[in-house]
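Residues in the sequence shown are numbered consecutively from 65, following the working numbering.
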Amino acid sequence: MLFASEARVGRETSETGTSASQESTGGRETVIRKYANRRLYNTATAKFVTLQHLHDMVKRGEAFVVEDAKTGRDITCSVLAQIISEEETKGHNMLPLNYLRQVLQAYDAGLGPQFRLYIERSMEAFIANQKQISEQMQNMFAIEASDSAMKQIAEMGRQNVEMFQRSMRLFTPPAEAWRGAADDSPVARGDDQEQRQEDEIEGLRQQLADIADRLDTLSRTK
Numbered sequence: 065m066l067f068a069s070e071a072r073v074g075r076e077t078s079e080t081g082t083s084a085s086q087e088s089t090g091g092r093e094t095v096i097r098k099y100a101n102r103r104l105y106n107t108a109t110a111k112f113v114t115l116q117h118l119h120d121m122v123k124r125g126e127a128f129v130v131e132d133a134k135t136g137r138d139i140t141c142s143v144l145a146q147i148i149s150e151e152e153t154k155g156h157n158m159l160p161l162n163y164l165r166q167v168l169q170a171y172d173a174g175l176g177p178q179f180r181l182y183i184e185r186s187m188e189a190f191i192a193n194q195k196q197i198s199e200q201m202q203n204m205f206a207i208e209a210s211d212s213a214m215k216q217i218a219e220m221g222r223q224n225v226e227m228f229q230r231s232m233r234l235f236t237p238p239a240e241a242w243r244g245a246a247d248d249s250p251v252a253r254g255d256d257q258e259q260r261q262e263d264e265i266e267g268l269r270q271q272l273a274d275i276a277d278r279l280d281t282l283s284r285t286k
């Protein structure tokens with residue numbers, strides 16, 4: 065059933081990480097013993113625990129099994145069902161009413177094995193779907209980051225065009241650049257034009273250096 069599936073998912077999750085209780089049991093499932101007075105005893109930590117402690121263990125992915133202290137019977141499913149029941153009383157209402165009725169009907173119809181398999185497969189599909197959605201969201205954030213990088217590249221391209229236009233103006237200066245006062249000599253005009261060209265070239269060199277630095281920074285952040 066659903067509760068058995070949750071326990072199995074917890075066991076699988078625990079394989080990817082170790083907790084203090086798992087280290088003390090050598091990576092095996094922690095054994096919780098339930099006594100006649102309903103007290104729960106964690107054999108790994110040698111302490112009595114509550115249902116909330118077990119709930120926290122499930123959330124951390126710690127694998128455990130609950131045994132009847134007198135008979136040694138595995139009662140993990142019933143204890144997990146009790147935890148879920150308490151969560152429902154808190155107003156979470158995650159389990160639909162019709163679903164609960166169908167579960168009870170499955171008990172009466174003797175459909176335990178078939179129903180358990182169906183629930184396990186459904187839960188696996190649900191978890192896989194949630195994982196896919198999470199990955200898609202991460203991809204969306206990556207795309208947004210990529211769009212930002214493309215904007216930077218586009219800005220650099222625009223600056224390249226401007227520099228090209230400036231370089232063309234070095235060879236095709238406006239008419240005013242060739243005009244001077246009546247007493248200007250050809251030598252003076254030539255000196256002024258040469259100085260302007262040197263200033264333009266120096267400006268272009270500086271802009272090219274700035275763009276190279278930005279491209280280098282962009283490549284390191286990818």
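Using N, Cα and C, we set each Cβ at its ideal position, and we do this for glycine too.
For residue j and residue i, the rounded distance between their alpha carbons
| i | j | result |
| --- | --- | --- |
| V95 | T114 | 14 angstroms |
| E266 | E258 | 12 angstroms |
| K195 | R185 | 15 angstroms |
| F190 | Q169 | 23 angstroms |
| Y105 | E131 | 10 angstroms |
| A192 | S198 | 10 angstroms |
| G180 | H156 | Here the sequence assigns Arg to residue 180, which means Gly is not the residue at that position. So the two alpha carbons sit approximately 23 angstroms from each other. |
| T109 | R137 | 21 angstroms |
| K154 | L161 | 16 angstroms |
| Y163 | I183 | 11 angstroms |
| N101 | Q166 | 32 angstroms |
| M187 | T135 | 31 angstroms |
| Q178 | L159 | 20 angstroms |
Supposed close pair residue i, residue j - CB separation, criterion 8 angstroms
| i | j | result |
| --- | --- | --- |
| T140 | V129 | 5 angstroms |
| R97 | A145 | Wrong, their Cβ atoms sit about 18 angstroms apart, outside the cutoff. |
| E152 | A127 | No, E152 and A127 are not in contact; Cβ-Cβ is about 24 angstroms, not under 8 angstroms. |
Own chain partners of residue i with C-beta closer than 7 angstroms, once the 5 adjacent residues on each side are dropped
| i | result |
| --- | --- |
| E262 | none |
| M201 | none |
Under the three-state DSSP convention, the category residue i falls into
| i | result |
| --- | --- |
| I139 | coil |
| E93 | coil |
| Y105 | strand |
| K154 | coil |
| K111 | strand |
| E126 | coil |
| K134 | coil |
Close beta carbons around residue i, own chain, < 8 angstroms, minus the five adjacent residues each side
| i | result |
| --- | --- |
| I147 | L115, L118, H119 and V122 |
| R103 | F112 |
Close beta carbons around residue i, own chain, < 6 angstroms, minus the five adjacent residues each side
| i | result |
| --- | --- |
| Y99 | A133 |
| K143 | The question names Lys, but residue 143 in the sequence shown is Val. For V143, where only same-chain residues beyond five positions count, the Cβ hits under 6 angstroms are V130. |
| T107 | V95 |
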